[in-house]
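Accompanying notes for the structure given below.
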Amino acid sequence: MRRTVRILVAGAAGAALVGAPTFAWADASEAKRPKVTATKAQKPTKATIANLFTEWNAALATGDPNVVADRYANDAVLLPTVSNQVRTNRAQIVDYFVHFLEKKPHGEIKQSYINILDENSAIDTGVYVFTLAATGQQVEARYTYVYELRNGEWKIVNHHSSAMPEG
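Read in my numbering, the sequence shown has 615 at position 165, and its numbers run on one by one without any break.
The structure is reproduced here in structure tokens:
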């Protein structure tokens with residue numbers, strides 16, 4: 451009987467020694483592991499999206515087609531106001547702005563309707579007027595910009611602009 455008690459006590463002590471480091475290790479790793487909390491990304495405000503046009507217009511003012519093209523995603527589609535060609539890559543978008551910027555355009559939004567789709571995408575559609583300083587001509591057009599947040603930057607993924615049919 452005495453021998454049985456010693457074996458049980460020794461077994462329990464061994465189990466405690468084997469188990470204790472395991473529990474201590476688990477507790478230590480829990481303390482070091484960063485807590486992961488599910489935070490939902492915030493949707494952009496309408497003012498944030500409206501400001502993207504202001505930034506795009508400022509890019510036009512630089513006169514540099516590459517600066518303007520930087521506002522577009524690499525896979526963007528541009529349906530421009532004063533060209534019949536659909537632009538579907540950066541080289542084509544740069545080419546469009548090489549010629550458009552020669553007219554020294556400045557845009558002004560007359561009507562804007564912004565729809566925030568989710569935290570990473572939004573649409574701005576409406577009517578704008580471009581004053582072409584090189585000629586003094588004004589072009590009124592309907593527009594749609596589709597924006598996506600990519601790698602922390604808002605990019606134009608689709609831009610459609612067409613002159614007013616009655617204008």
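Glycine included, every Cβ here is placed at the ideal spot set by N, Cα and C.
Beta carbon of residue i, beta carbon of residue j: below 9 Å?
{"i": "Thr537", "j": "Val527", "result": "This sequence places Arg at residue 537; Thr is not what is there. Result yes, Cβ atoms of Arg537 and Val527 sit closer than 9 Å."}
{"i": "Tyr522", "j": "Ile606", "result": "yes"}
With a CB to CB cut of under 6 Å and the five nearest residues on each side skipped, what residues in its chain are close to residue i?
{"i": "Leu610", "result": "In the sequence as displayed, the identity of residue 610 is His instead of Leu. Counting only Cβ-Cβ distances below 6 Å, and skipping sequence neighbours, we find Leu529, Thr594."}
Mapping DSSP to helix, strand and coil, what is residue i?
{"i": "Gln587", "result": "strand"}
{"i": "Asn507", "result": "helix"}
{"i": "Asp520", "result": "coil"}
{"i": "Thr495", "result": "coil"}
{"i": "Asn601", "result": "coil"}
{"i": "Ser612", "result": "strand"}
Going straight from the alpha carbon of residue i to that of residue j, what length do you get?
{"i": "Glu616", "j": "Ile559", "result": "18 Å"}
{"i": "Phe550", "j": "Asn608", "result": "18 Å"}
{"i": "Val544", "j": "Ala519", "result": "6 Å"}
{"i": "Ala583", "j": "Val589", "result": "11 Å"}
{"i": "Pro555", "j": "Pro515", "result": "12 Å"}
{"i": "Ser612", "j": "Thr575", "result": "12 Å"}
So, for residue i: in the same chain, excluding its five sequence neighbours on each side, which residues have a beta-carbon less than 8 Å away from its beta-carbon?
{"i": "Gly602", "result": "none"}
{"i": "Gln561", "result": "Gly576, Val577"}
**Prompt:** Which ranges does the alpha helix (DSSP H) cover as unbroken runs of at least 4 residues, wholly within the stretch 518–584, from first to last along the chain?
**Reply:** 540–550
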